[in-house]
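Residue 582 in our numbering sits at position 61 of the sequence shown, with consecutive numbering throughout. Everything below concerns the one structure shown next.
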Amino acid sequence: SSGINAEWPLRPGDWTSAREQLQEREAEAREAILELQRQGSASESAKLLAVWRSVNSIRQDFSTTKNHTTKDLERLKSEMLEWSNRLEKQCKAVYLESQALLDNERLAREQLEIVLSERTNSFNEMQKKMDSDKTDLQAKIQDLQ
Numbered sequence: 522s523s524g525i526n527a528e529w530p531l532r533p534g535d536w537t538s539a540r541e542q543l544q545e546r547e548a549e550a551r552e553a554i555l556e557l558q559r560q561g562s563a564s565e566s567a568k569l570l571a572v573w574r575s576v577n578s579i580r581q582d583f584s585t586t587k588n589h590t591t592k593d594l595e596r597l598k599s600e601m602l603e604w605s606n607r608l609e610k611q612c613k614a615v616y617l618e619s620q621a622l623l624d625n626e627r628l629a630r631e632q633l634e635i636v637l638s639e640r641t642n643s644f645n646e647m648q649k650k651m652d653s654d655k656t657d658l659q660a661k662i663q664d665l666q
């Protein structure tokens, strides 16, 4: 389904030109009616009838073009709304996933900071113990000498 019917292609000037043609044909029909009233001729009746049919044909073409355009615009509106909703859902999913990743990264960093703090404390305690043991050993060495 290609959207706009190939028989009725929508171009920017279509509406204007169709409206102008309709107005011209209506003016011609009015003139023909006035002329017919003046002359009362059978041939003029045929001309008037031909002009009237032409005017009605243009009206029908204009109406058909307008209906096709309206349907196409509604279809495009529906498609745009659908794509907009899909895009919104995808953006929300990406946002939520990025938030989850950031939360996981923050949690991992906090856990690593806790482990680092514990190991630093453990290292400092071991250093103090080694310093204390060293002082004790040095004192014992001094006593033995």
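Every residue gets a Cβ at the ideal spot worked out from N, C-alpha and C, and that includes glycine. All figures in this text were calculated on a predicted structure; none of them were measured in a lab.
Do you know offhand how far residue i's Cα is from residue j's?
| i | j | result |
| --- | --- | --- |
| Ala550 | His589 | 28 angstroms |
| Gln542 | Phe583 | 10 angstroms |
| Ser605 | Arg596 | 14 angstroms |
| Gln620 | Asn642 | 33 angstroms |
| Met647 | Ile662 | 22 angstroms |
| Asn526 | Asp593 | For Asn526, the predicted model reports a pLDDT of 47, less than 50, meaning its position is unreliable and no value from the coordinates is stated. |
| Glu634 | Lys613 | 31 angstroms |
| Ala567 | Thr591 | 36 angstroms |
| Asn645 | Met651 | 10 angstroms |
| Thr537 | Val572 | 20 angstroms |
Use the C-beta contact count for residue i: other C-beta atoms within 10 angstroms, 16 or more gives buried, fewer gives exposed.
| i | result |
| --- | --- |
| Leu617 | exposed |
| Leu569 | buried |
| Val636 | exposed |
| Val615 | exposed |
Can the beta-carbon of residue i be found less than 9 angstroms from the beta-carbon of residue j?
| i | j | result |
| --- | --- | --- |
| Ala548 | Ile579 | no |
| Asp535 | Thr586 | yes |
| Val576 | Arg607 | no |
How is residue i classed by DSSP in three states: helix, strand or coil?
| i | result |
| --- | --- |
| Gln663 | helix |
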